[in-house]
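Comments concern the structure below.
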Amino acid sequence: MVRAKFKYYHFIILLFISYSSLAQSHLWSDVSIAKSSVYVGEPVQVTVSVYTSTWFTSGINPGNIKVNDAFTVYFRSLSTSKIIKGKTYAGVQLFFNVFPYDDTDIVFPELEFIVETPDVGGFKGVKRKVKTSSKVIKVKSIPVGFNKNDWLVTSNMTVAENWSSNKNEVKVGDVLERKITRNVANIVAELIPPIIWDSISTISLYPTRSTVKSNKTKTAISATRVDGVRYLFEKEGEVVVPEKILTWYNPRAKKLFKRTLKGFTIKVLPNPNLGMLESVRDSLQITMPIKGEGIVEDVPRKIVGLTVRQFIIALCCLLLICYLLFKIGGKILLFLKNRKIAYLNSEQYNFDQFIKSLKTGDSSVQINSFYKWISMLNLEEPTLNYFVSKFGSNELLQIIKESVNKQQGNNFPTAKAKDWLKLRTNYLTSKKKDFGGQSKDWVNP
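The sequence shown lines up with residues -23 to -1, 1 to 422 when you count with mature numbering (1 follows the signal peptide of the UniProt record, and there is no 0).
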């Protein structure tokens, strides 16, 4: 008996596992890398692909990906398809760039995320867990003969230099600030090395805080770094500022490139007020960055959670909407006002007031409302008898005759609202025939 139960439960478990495997068999993943080995700082593109024989009912969120000893940048997802043995499979590709910052091999880890796809033959999306395989990326050390402090891997770099004031008009005690800006392609800001400033005799150097910024789009990334230094000129005479050579290694060209900022000579003029030199030194010393705090990330300023550009665009859109509402709203109000005036002076309004008077039970009010209404009509005789005899029904004529026979002429006929509505309809129909479509004296609001 126990053995029979065990076989039964074992069969149920196997059946459940088989069903789960069948439901998941139409979904698989793949991980590919553009290069199997890279230099320190060289990006490698990693593509994570997920395919299904049905379709995806929602997007894929890979979450935060962490790769040890490397910076990881997620770009975007892209819909794709793949044909295998004549059958088309829908797919989604996720693109990453991985930047190793140490000369040890790195591992792009296994990923687990949720996707939604219907079963084969179904239509409703079902949440499923996808697990990818890991990939090892070999990292090559910096080639022999290259300076580790200047090592920079990129396909392109532009360099700009600027000074705080005129280099040709310098005297003892003056301070000149020099800034060098590097815009580097295919890199994160953390991998741009700092500039090492050359010491110069008779000049004291005070480095400023560097600023860095990464610029990412859906398909590429670049970074900007600004390094600065303040030169304090302490003695008169000629001072030679040496040239500055900035290098980068292009892995595609397998070549080292360089950009040279030419050196120059500054003639320092005497300054009779040398007493201020010491105070200038002290103030510059205070403004120097503390060790470990020399880099400031250039974070875009935000207003109510939006960047300045986004805030300006949103504000302009809001002002435009308010302007349109003001202009259009004014025209709508004017249209409604004119329409109301036309309605209050129309036959329709007087007829509506007459219908309301029927509910009061007051004959004098009913009679006044009735004659005010028919005064708006183009009748040969604006009287109750004429109007009813001309356009009314036999039932309404009978009600009026009964009122006369009972000597209730001062009482308004006790006809229903639908009878008066039919009477009005008959009148309007006859006028349309007479005037080729519509009465000249009738105003339709």
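Glycine included, C-beta positions come from ideal geometry on N, C-alpha and C.
Mark residue i as exposed unless 16 or more other C-beta atoms lie within 10 angstroms of its C-beta, in which case mark it buried.
i    : result
L74  : Note that residue 74 is Asn in the sequence shown here, rather than Leu. When all chains shown are included, N74 counts as buried.
T402 : exposed
N421 : Reliability of the predicted coordinates at N421 is poor, the pLDDT of 47 falling under 50, and the value obtained from them is presented with this limitation in mind. Result: exposed.
E324 : buried
Q343 : buried
I169 : buried
T249 : Here residue 249 is Pro; the residue named in the question, Thr, does not match the sequence. Exposed, because fewer than 16 other Cβ atoms sit within 10 Å of the Cβ of P249.
E19  : buried
I164 : buried
Y183 : buried
V166 : A small fix is needed here, since residue 166 is Ala in this sequence, not Val. Buried is the call here.
Y300 : exposed
F364 : buried
G150 : buried
T94  : buried
Beta-carbon separation of residue i and residue j under 9 Å?
i    : j    : result
D7   : T81  : no
S30  : V97  : yes
A197 : V161 : no
R155 : Y226 : no
S340 : F389 : yes
I114 : S14  : yes
P244 : N145 : The amino acid at residue 244 is misidentified as Pro; the sequence shows Lys. Contact flag set, yes.
L71  : S26  : yes
N327 : K349 : yes
G205 : T179 : no
Y78  : D46  : yes
S346 : F331 : yes
V203 : T158 : yes
F90  : T49  : no
E213 : K148 : yes
I37  : V69  : yes
K235 : I222 : yes
S370 : D329 : no
V23  : V84  : no
L354 : S366 : no
V116 : L4   : no
L261 : S176 : no
E87  : L238 : no
S191 : P171 : no
S58  : T65  : yes
K195 : F303 : no
Is DSSP giving residue i helix, strand or coil here?
i           : result
R229        : coil
D204        : strand
N139        : strand
N403        : helix
W5          : strand
N192        : strand
A11         : coil
R186        : coil
G306        : helix
V217        : strand
S366        : helix
Y320        : helix
N250        : coil
L354        : coil
S58         : strand
L238        : strand
K393        : coil
L(-2)       : Summary for L(-2): the model assigns pLDDT 39, below 50, so the residue's position carries little reliability, and this model does not support an answer.
residue 496 : The structure shown does not extend to residue 496, since the chain is modelled only from -23 to 422, so the question has no answer here.
S341        : helix
S199        : strand
L223        : strand
K336        : coil
K349        : helix
K212        : coil
Counting only beta-carbon atoms, is residue i nearer than 9 Å to chain B?
i    : result
Y404 : Note that chain B does not occur in the displayed structure, where there is just one protein chain.
Check your understanding: Would you call the stretch 89 to 104 and the stretch 122 to 140 in contact, with 3 or more CB pairs under 8 Å?
Key -> No, the stretch 89 to 104 does not touch the stretch 122 to 140.
Check your understanding: Considering only residues of the stretch 85 to 129, which uninterrupted beta strand (DSSP E) runs meet the minimum length of 3 residues and lie entirely inside it, listed in chain order?
Key -> Correct list: 89 to 94, 103 to 108 and 112 to 117.
Check your understanding: At which residue ranges does the stretch 8 to 56 contain complete beta strand (DSSP E) runs of 3 or more residues, listed in the order of the chain?
Key -> 14 to 16 and 21 to 29, all fully within the stretch 8 to 56.
Check your understanding: Going along the chain, which unbroken runs of the beta strand (DSSP E) with 3 or more residues stay wholly within the stretch 140 to 181?
Key -> Listed in chain order, they are 152 to 162.
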